[in-house]
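Note that the protein sequences, when read in sequence, are chains A and B.
Sequence positions in the first sequence follow the numbering used here and run 5 to 230.
Sequence positions in the second sequence follow the numbering used here and run 191 to 365.
Here's the structure, in C-alpha cells; my notes come after.
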Amino acid sequence: MNDNELSAAVRESVADVHSATPVAQIISRGRCLRARRRIPAVAGTVTVAAGTALAVTTLLPTGHAGLLPSGHPGLVSSSHPDSQPASARLAAWTVAKEPNGDIDVTINQLEDPAGLQATLRADGLPVNVTFSGSMLSASCQPDQTGTLSAVTQIRGDELVIDPSALPSGAGLAIFDEPGAGTPVLSGTTPTLGTPPAPHPSIPPLLTAIDGPLAVGLVYVSPQCTG
Amino acid sequence: MRWIGVGTQQLDFAEFYRSAADDCLRAVLVSIGDQDTARELVDEAFARAWASWHTVSRHPAPKAWVVRTALNTGISRWRRRRREVPVSDPARITDVPAASGASASLVDPRIMAALLRLPARQRQVVGLRLILDLDTARTAEVLGIAPGTVMAHLGRAMAALRRDLEPELQQENRS
C-alpha cells in the first residue's frame with residue numbers, strides 16, 4: 005500500500021460524515037458570542053456615558069442631553085454629537101459615534117427601528133429606519149442621483165456611516181429587505197414610482213435569519229428623515 | 191437609489207460554511223475520534239468564525255482557522271473537565287466500540303481505531319494534511335510547529351497506519 009492509497013483510505017473512512025447543523029443555528033450562536041464579547045465594552049460605555057451625560061446636562065441647556073427616553077428596551081445610553089465620544093447600546097443594535105464624526109451602527113436583531121432611528125437622528129443623521137419589510141414610508145422619495153459614499157464600511161452587521169459624505173439634500177434609509185435581494189415595494193405608495201433595480205453586486209440574500217438589511221439614499225424631508 | 195446589502199456578509203459566511211463544514215468536521219473527527227464531540231466543536235468554531243467574520247473572511251486559510259479553533263476549544267474543555275471526566279489513553283485503544291446508531295456507522299471503524307492509536311499531534315497533522323489538504327507550510331503555521339516537524343509527524347503517522355492496516359487490507363484483498 006503506497007502513500008496515495010493509504011491517504012485515500014483515510015479520506016474515504018470519513019467521507020460519509022457530513023455536517024448537519026443549519027447555518028442559521030451557527031449564525032445565531034455566533035451572534036450570542038459577539039454580544040457576549042461586547043459586555044465589557046458596554047460596561048465601560050455605561051461609565052463613560054454616565055459621566056458624559058452628567059457633564060452635558062450640566063453644561064448644555066435642557067434638551068441637548070441627547071438621552072433618549074428610558075422606555076427604549078435595553079437602552080443604556082446615548083451621546084450628543086458635540087460631546088465626547090460615547091455610545092448608545094441596545095441588545096438589538098448599537099450606535100457609536102466615533103471621534104472623527106463617523107457613526108458606527110451594529111444591528112444584531114431587527115427590533116426597535118424607531119429607537120434606532122431616533123438615536124441616529126439625535127446624532128445628526130437624516131435617516132429613516134424600518135424593519136417592517138416595506139422599503140420606505142410613503143413620505144420617502146428614493147434619491148436616484150446621489151452616490152452612497154456616506155456608508156464607508158460594512159463589516160458583518162455593522163455599518164460605518166460618514167454623515168458629512170451625504171450628498172446635499174440626501175439622507176439614508178435603512179430597512180429590512182425580506183425578498184432575496186430585491187427591494188420589496190409592496191405596501192408603498194405610487195409616489196415611489198418605478199421600483200429601483202436591485203444593486204447588481206448583490207446576489208440573492210439570505211432570508212432565513214433576521215432578514216437582510218439594505219441601505220439606500222433618500223431625499224431629506226421632515227416626514228421621511230426627520 | 192443605490193443599495194448595499196448587509197446580508198451579503200451572511201451570504202458569504204453561509205457559502206463558506208456550506209463548502210467547508212464537512213471538511214472541517216472530518217479533519218476534527220480524525221484528530222479527536224469522537225463524532226458527537228467533533229460536531230459540537232466544529233459548530234462552536236464556525237459560530238466563532240461568524241462572530242469574527244470580518245477577520246476570518248480575510249484569513250488566508252479560513253478552514254484551517256476553523257479547525258484550529260475547534261481543536262483549541264476541545265483542549266480548553268478538556269482542561270476544564272479533566273478532573274471530572276476520565277480521558278481514555280489513545281495508545282490503549284485496540285478497537286472502536288461496536289457501531290451504535292446511524293452516526294457511528296459513518297466512519298470505518300478499523301481505520302478510525304488505527305488513527306486513534308496515533309499520538310494526538312500526528313492525528314492533527316493527518317487531519318490537516320490529508321483531510322483538509324493543507325500544504326506543509328500552512329499545517330505548520332496552524333499547529334505552531336516547524337514544517338520539518340510536520341513532515342516527520344506525517345511520515346511516522348503514515349508508517350504506523352500502514353503497519354496497522356496493511357495486513358487487514360491485504361487479507362481482505364485475498365478473500
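Don't be surprised by glycine CBs; every beta carbon is placed ideally from N, CA and C.
> Going by DSSP, what residues sit across from proline 171/A in a beta bridge?
Replying inline: Looking up residue 171/A in the first sequence gives position 167. Paired residues: none, contrary to the question.
> Rounded to a whole number of angstroms, what is the C-alpha to C-alpha distance between leucine 306/B and valine 18/A?
Replying inline: On the second sequence, residue 306/B is found 116 positions in, with the first residue counted as 1. On the first sequence, residue 18/A is found 14 positions in, with the first residue counted as 1. Going by the C-alpha atoms only, they are around 13 Å apart.
> Out of curiosity, what's the CA-to-CA distance linking arginine 328/B and phenylalanine 206/B?
Replying inline: As a first step, residue 328/B is located in the second sequence; it is residue number 138 there, counting from the start. As a first step, residue 206/B is located in the second sequence; it is residue number 16 there, counting from the start. Approximately 19 Å, taken between the alpha carbons.
> Using the C-alpha atoms, what's the distance from alanine 237/B back to serine 32/A?
Replying inline: Taking the first sequence and counting its residues from 1, the one referred to as residue 32/A is at position 28. Taking the second sequence and counting its residues from 1, the one referred to as residue 237/B is at position 47. Each residue's Cα considered, the two are about 8 Å apart.
>> Pull the bridge partners of threonine 134/A from the DSSP assignment, please.
In response: In the first sequence, counting from the first residue as 1, residue 134/A sits at position 130. Its beta-bridge partners are Phe179/A.
> How would you write the range of the beta strand (DSSP E) that threonine 123/A sits in, first residue to last?
Replying inline: Position 119 of the first sequence, counted from the start, is the residue given in the question as residue 123/A. Note, threonine 123/A: premise wrong, no beta strand (DSSP E); alpha helix (DSSP H) at 117-126.
> With a CB to CB cut of under 7 Å and the five nearest residues on each side skipped, what residues in its chain are close to aspartate 213/B?
Replying inline: Within the second sequence, the letter at position 23 stands for residue 213/B. Excluding residues within five positions, the ones whose Cβ falls inside 7 Å are Lys253, Ile321 and Leu322.
> If contact means a Cβ-Cβ distance below 8 Å, which residues of the stretch 325-359 of chain B contact chain C?
Replying inline: As a matter of chain content, chain C is missing from the structure shown, whose protein chains are A and B.
> Counting along the chain, where does the alpha helix (DSSP H) carrying aspartate 226/B start and finish?
Replying inline: Position 36 of the second sequence, counted from the first residue, corresponds to residue 226/B. That run of the alpha helix (DSSP H) goes 225-241.
> Which term fits glutamate 234/B, buried or exposed, when burial requires 16 or more other beta carbons within 10 angstroms of its beta carbon?
Replying inline: Locating residue 234/B in the second sequence gives position 44, counting from the first residue. Buried: at least 16 other Cβ atoms inside 10 Å.
> Around the C-beta of serine 172/A, are 16 or more other C-beta atoms found within 10 angstroms, so that it is buried, or is it exposed?
Replying inline: For the purposes of this step, residue 172/A is taken as the residue at position 168 of the first sequence. Exposed, by the Cβ-count rule.
> Per the contact definition of three or more C-beta pairs closer than 8 Å, is the stretch 343-360 of chain B in contact with the stretch 258-267 of chain B?
Replying inline: no
> Hey, quick one: how far does the alpha helix (DSSP H) through aspartate 7/A stretch, first residue to last?
Replying inline: The residue you call residue 7/A lines up with position 3 of the first sequence. Counting along the chain, the alpha helix (DSSP H) containing aspartate 7/A begins and ends at 7-17.
> In the DSSP assignment, what are the bridge partners of isoleucine 165/A?
Replying inline: As a working note, residue 165/A is residue 161 in the first sequence. DSSP, once it has assigned bridges, lists Ile107/A and Val155/A as partnering isoleucine 165/A.
>> For alanine 24/A, tell me which candidate among Gln200/B, Phe203/B and Gln225/B has the shortest Cα-Cα distance.
In response: The residue labelled residue 24/A in the question sits at position 20 within the first sequence. That would be Gln225/B, whose Cα lies nearest to the Cα of alanine 24/A.
> Quick one: is asparagine 112/A buried, meaning 16 or more other Cβ sit within 10 Å of its Cβ, or exposed?
Replying inline: Position 108 of the first sequence, counting from 1, holds the residue named residue 112/A. The residue in question, asparagine 112/A, is buried, as its Cβ has 16 or more Cβ neighbours within 10 Å.
> Going by beta carbon distance, what residues of the same chain come within less than 6 Å of aspartate 106/A, once the five residues before and after it are set aside?
Replying inline: Residue mapping note: residue 106/A aligns to position 102 of the first sequence, counting from 1. Cβ neighbours of aspartate 106/A beyond the five flanking positions: Val164 and Asp166.
> Quick one: is isoleucine 301/B buried, meaning 16 or more other Cβ sit within 10 Å of its Cβ, or exposed?
Replying inline: By 1-based counting over the second sequence, the position of residue 301/B is 111. Per the 10 Å Cβ criterion, buried.
>> Considering Cα atoms alone, identify which of Cys144/A, Leu37/A and Pro117/A is closest to valine 224/A.
In response: Mapped onto the first sequence, residue 224/A falls at position 220. For the residues Cys144/A, Leu37/A and Pro117/A, the minimum Cα distance to valine 224/A belongs to Cys144/A.
> In three-state terms, what does DSSP make of alanine 100/A?
Replying inline: As a position in the first sequence, residue 100/A is number 96, starting the count at 1. It is a strand residue.
> Short check: CB of glutamine 121/A to CB of valine 109/A, under 8 Å?
Replying inline: Stepping through the first sequence from its first residue, residue 121/A is reached at position 117. Stepping through the first sequence from its first residue, residue 109/A is reached at position 105. Result no, Cβ atoms of glutamine 121/A and valine 109/A do not sit closer than 8 Å.
> Where proline 16/A and arginine 352/B are concerned, what is the direct C-alpha to C-alpha distance, given to the nearest angstrom?
Replying inline: The residue you call residue 16/A lines up with position 12 of the first sequence. The residue you call residue 352/B lines up with position 162 of the second sequence. Note on residue identity: the sequence assigns glutamate, not proline, to residue 16/A. When rounded, the distance between both Cα atoms is 15 Å.
>> Against chain A, does isoleucine 163/B count as a neighbour if the rule is that its beta carbon must be under 8 Å from one of theirs?
In response: With chain B covering only 191 through 365, there is no way to say anything about residue 163/B.
> Taking the alpha-carbon positions, what's the methionine 341/B to glycine 223/B distance?
Replying inline: By one-based count along the second sequence, residue 341/B stands at place 151. By one-based count along the second sequence, residue 223/B stands at place 33. Roughly 22 Å separates the two Cα atoms.
> Can you find a CB in chain B that lies within less than 8 Å of the CB of leucine 37/A?
Replying inline: If you number the first sequence from 1, residue 37/A lands on position 33. Yes, its Cβ sits closer than 8 Å to a Cβ of chain B.
> When you check each C-beta in the stretch 229-242 of chain B against every C-beta of chain A, which residues fall closer than 9 Å?
Replying inline: Arg229, Val232, Asp233, Glu234, Phe236, Ala237, Arg238, Ala239, Trp240, Ala241 and Ser242
> Run through DSSP, which three-state label would proline 299/B get?
Replying inline: Position 109 of the second sequence, counted from the start, is the residue given in the question as residue 299/B. Helix at proline 299/B.
>> Below 7 Å on C-beta distance, what does valine 297/B contact in chain A?
In response: Here residue 297/B is taken as the residue at index 107 of the second sequence, counted from 1. Under the 7 Å cutoff, chain A gives Ser17, Val18 and Val21.
> So is alanine 100/A in contact with chain B if we call contact Cβ pairs under 8 Å?
Replying inline: In the first sequence, the residue the question calls residue 100/A occupies position 96. No, alanine 100/A lies away from the interface with chain B (no Cβ there is under 8 Å from its Cβ).
> Between the beta-carbon of alanine 347/B and the beta-carbon of valine 315/B, is there less than 8 Å?
Replying inline: Walking along the second sequence from the start, residue 347/B turns up at place 157. Walking along the second sequence from the start, residue 315/B turns up at place 125. Their beta carbons are under 8 Å apart, which means alanine 347/B touches valine 315/B by this criterion.
> Leaving out the 5 sequence neighbours to the left and right, which residues in its chain are closer than 6 Å to threonine 134/A when beta-carbon positions are compared?
Replying inline: Within the first sequence, numbered from 1, the residue matching residue 134/A stands at position 130. These residues qualify, in order along the chain: Pro117 and Phe179.
>> List, in chain order, every chain A residue whose beta-carbon is nearer than 7 Å to that of valine 316/B.
In response: Start at 1 with the first residue of the second sequence, and residue 316/B comes out as number 126. Under the 7 Å cutoff, chain A gives Val14.
> If the cut is a Cβ gap below 7 Å, which residues of chain B does leucine 10/A touch?
Replying inline: Here residue 10/A is taken as the residue at index 6 of the first sequence, counted from 1. Within chain B, the residues near leucine 10/A are Met348, Leu351 and Arg352.
> Under a three-way DSSP split, which group does valine 220/B fall into?
Replying inline: Residue 220/B sits at position 30 when you count from the first residue of the second sequence. Note: valine 220/B maps to helix in three-state DSSP.
> Taking the alpha helix (DSSP H) that alanine 327/B falls in, what are its first and last residues?
Replying inline: Residue mapping note: residue 327/B aligns to position 137 of the second sequence, counting from 1. That run of the alpha helix (DSSP H) goes 326-333.
> Between alanine 254/B and chain A, is there a C-beta pair that is closer than 8 Å?
Replying inline: Within the second sequence, the letter at position 64 stands for residue 254/B. Cβ-Cβ to chain A under 8 Å: no for alanine 254/B.
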